[in-house]
Amino acid sequence: MAEAESTVINTNVKQKDPNEALVIAVTTRAIFNLEEEHQLFLTKGKEEYVKYQQVNEDKPLEQGTAFAFIQAVQFVNEKLLERNPEEKGLFDVIILSNNSPESGMRIVNSAKRHGLEISRFCFVSDEDSTQYLKSNNVKLFLSADRTDVCNALQRGVSAALIFQQEVQTPSTQLRVVFDGDAVLFSDETDRVFREKGLSGALEYEMAMEAVPMGEGPLKAFAMHLGKMRKKFSQENSPIRTYLLTARSGRNMGIRAIKTLREWGLAIDEAFFMDGAPKGPLLSQIQPHIFFDDGLHNIQGAQDIGIPSALVPCDC
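As numbered in this note's numbering, residues 496 to 810 make up the sequence shown, in order.
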């Protein structure tokens with residue numbers, strides 16, 4: 496397959512080193528509310544969509560689900576640079592879009608109007624834009640398109656599906672919540688549970704207690720986030736991470752904790768819910784993003800205004 500033509504627009508934001516930075520790529524529909532425009536594209540076609548975007552290119556787009564997450568990432572960069580003006584291990588945000596370059600000016604204008612320090616804009620027409628993730632050293636990809644997310648995961652990039660929703664305004668401190676199995680860890684125990692039930696899963700976990708779990712689809716991103724987190728003290732960190740898992744702490748929590756220790760991944764808070772609803776804790780934590788592989792958990796979080804991202808396990 497021939498590679499798609501693409502256009503990359505740099506803003507005048509300070510250039511970041513892609514080899515040192517934690518690179519996050521977000522699609523336009525993840526960071527901005529483009530649902531009306533997307534419906535126009537689906538019903539009227541590309542030509543009408545492009546015309547509409549060009550006519551409205553000076554009208555800022557409204558904030559999307561991932562917007563507050565990107566704002567918090569920007570806040571972390573500010574704190575990192577306050578700590579060390581020569582810091583290279585910053586967040587670097589890319590907007591990756593299937594918009595054509597001629598319709599992308601509204602995206603650039605909206606980012607500037609909202610004060611987002613986006614370093615790069617990649618406009619790729621009529622092709623699988625995820626082919627550019629690896630070459631841009633992307634460590635996390637957020638998209639509102641399931642096919643894009645599955646393609647990214649199959650390319651070995653941490654990725655999650657964003658749904659457009661109303662979100663509460665969280666604190667400036669970046670707060671990220673990870674589910675356990677099939678998100679941070681592999682889905683090995685979930686597979687045993689589906690095949691042999693709860694008793695079989697408990698027996699498997701007891702037998703494997705001393706063996707670290709396999710890597711889940713978001714492990715690489717969590718490790719990079721943890722490395723950044725260690726640059727700050729516990730009291731003054733602009734980053735806080737959470738493990739919120741349906742596992743039982745008594746019967747299945749030990750292996751999870753040992754796995755985190757083996758990886759060298761420090762999590763600020765861990766909750767083993769034994770199947771209890773996650774909503775009340777999420778409401779208390781108020782994260783900028785919650786990663787889970789269960790659609791029912793995502794829907795429950797959305798109902799209380801928590802920005803949520805599905806890590807699909809059936810790609």
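Note that the Cβ used here is the ideal one computed from N, Cα and C, for glycine as well.
Compare the C-alpha of Asp788 against each of Pro772, Ile801, Cys808 and name the closest. Here residue 788 refers to the residue found at position 293 when the sequence shown is read from its first residue. Considering only alpha carbons, the answer is Cys808.
Considering Cα atoms alone, identify which of Ala804, Phe727, Pro775 is closest to Pro712. Stepping through the sequence shown from its first residue, residue 712 is reached at position 217. Closest option to Pro712, Cα to Cα, is Ala804.
Taking 8 Å as the threshold, find out whether the stretch 537-544 comes into contact with the stretch 689-700 through three or more Cβ pairs. no
Contiguous beta strand (DSSP E) assignments of at least 3 residues, all confined to the stretch 614-674: 615-619, 633-638, 654-657, 669-673
For Arg460, count the other beta carbons within 10 Å of its own beta carbon; 16 or more makes it buried, fewer makes it exposed. Which is it? Since the first residue of the chain shown is 496 and the last is 810, residue 460 is not available in this structure.
Of the residues Glu515, Pro513, Asp798, which one's Cα is nearest the Cα of Phe658? If you number the sequence shown from 1, residue 658 lands on position 163. The shortest Cα separation from Phe658 among Glu515, Pro513, Asp798 belongs to Asp798.
Rounded to the nearest angstrom, how far is the Cβ of Ile589 from that of Val633, given a contact under 8 Å? Taking the first residue of the sequence shown as position 1, residue 589 is located at position 94. Taking the first residue of the sequence shown as position 1, residue 633 is located at position 138. With a Cβ gap of about 7 Å, Ile589 and Val633 count as contacting.
Would you report the Cα separation of Leu576 and Glu582, rounded to the nearest angstrom? Position 81 of the sequence shown, counted from the start, is the residue given in the question as residue 576. Position 87 of the sequence shown, counted from the start, is the residue given in the question as residue 582. Their backbone Cα atoms lie some 6 Å apart in a straight line.
Would Gln663 pass as a contact of Leu611 if the rule is Cβ separation under 8 Å? Locating residue 663 in the sequence shown gives position 168, counting from the first residue. Locating residue 611 in the sequence shown gives position 116, counting from the first residue. Cβ atoms of Gln663 and Leu611: not closer than 8 Å.
Between the beta-carbon of Ser605 and the beta-carbon of Leu556, is there less than 8 Å? Locating residue 605 in the sequence shown gives position 110, counting from the first residue. Locating residue 556 in the sequence shown gives position 61, counting from the first residue. In contact: Ser605 and Leu556 (Cβ atoms closer than 8 Å).
Do you know how far the Cα of Thr684 is from the Cα of Leu517? Along the sequence shown, read from residue 1 onward, the residue named residue 517 stands at position 22. Along the sequence shown, read from residue 1 onward, the residue named residue 684 stands at position 189. Distance between the alpha carbons of Leu517 and Thr684 is about 30 Å.
Three-state secondary structure (DSSP) at Val678? Your numbering for residue 678 matches position 183 in the sequence shown. It is coil, neither helix nor strand.
Using DSSP with H/G/I as helix, E/B as strand and the rest coil, what is Thr560? Along the sequence shown, one-based indexing puts residue 560 at 65. Reduced to three states, the DSSP call for Thr560 is coil.
Put Thr522 into one of helix, strand or coil per three-state DSSP. Here residue 522 refers to the residue found at position 27 of the sequence shown. Coil at Thr522, not helix or strand.
Quick one: Cα of Pro707 to Cα of Ile752, how far? In the sequence shown, residue 707 corresponds to position 212, counting from 1. In the sequence shown, residue 752 corresponds to position 257, counting from 1. Using only the alpha carbons, I get a separation of about 9 Å.
Is the distance from the Cβ of Ala715 to the Cβ of Ser638 below 8 Å? By 1-based counting over the sequence shown, the position of residue 715 is 220. By 1-based counting over the sequence shown, the position of residue 638 is 143. Not in contact: Ala715 and Ser638 (Cβ atoms no closer than 8 Å).
Alpha carbon to alpha carbon, how far is Glu543 from Ser780? Give it in angstroms, no decimals. Position 285 of the sequence shown, counted from the start, is the residue given in the question as residue 780. Position 48 of the sequence shown, counted from the start, is the residue given in the question as residue 543. As written in the sequence, residue 780 is Ile, which differs from the Ser given in the question. Answer to the nearest angstrom: the Cα atoms are 43 Å apart.
Can you look up Leu581 in the DSSP assignment and give me helix, strand or coil? Within the sequence shown, the letter at position 86 stands for residue 581. According to the sequence provided, residue 581 is Glu. The question's Leu does not apply to it. Residue state, collapsed to three classes: coil.
Cβ neighbours of Ser595 in the same chain (closer than 6 Å, five flanking residues each side left out): For this step, residue 595 is matched to residue 100 along the sequence shown. So the qualifying residues of the chain are Ser620.
For Tyr737, list the residues DSSP reports as bridge partners. Position 242 of the sequence shown holds residue 737. Paired residues: Val672, Glu764.
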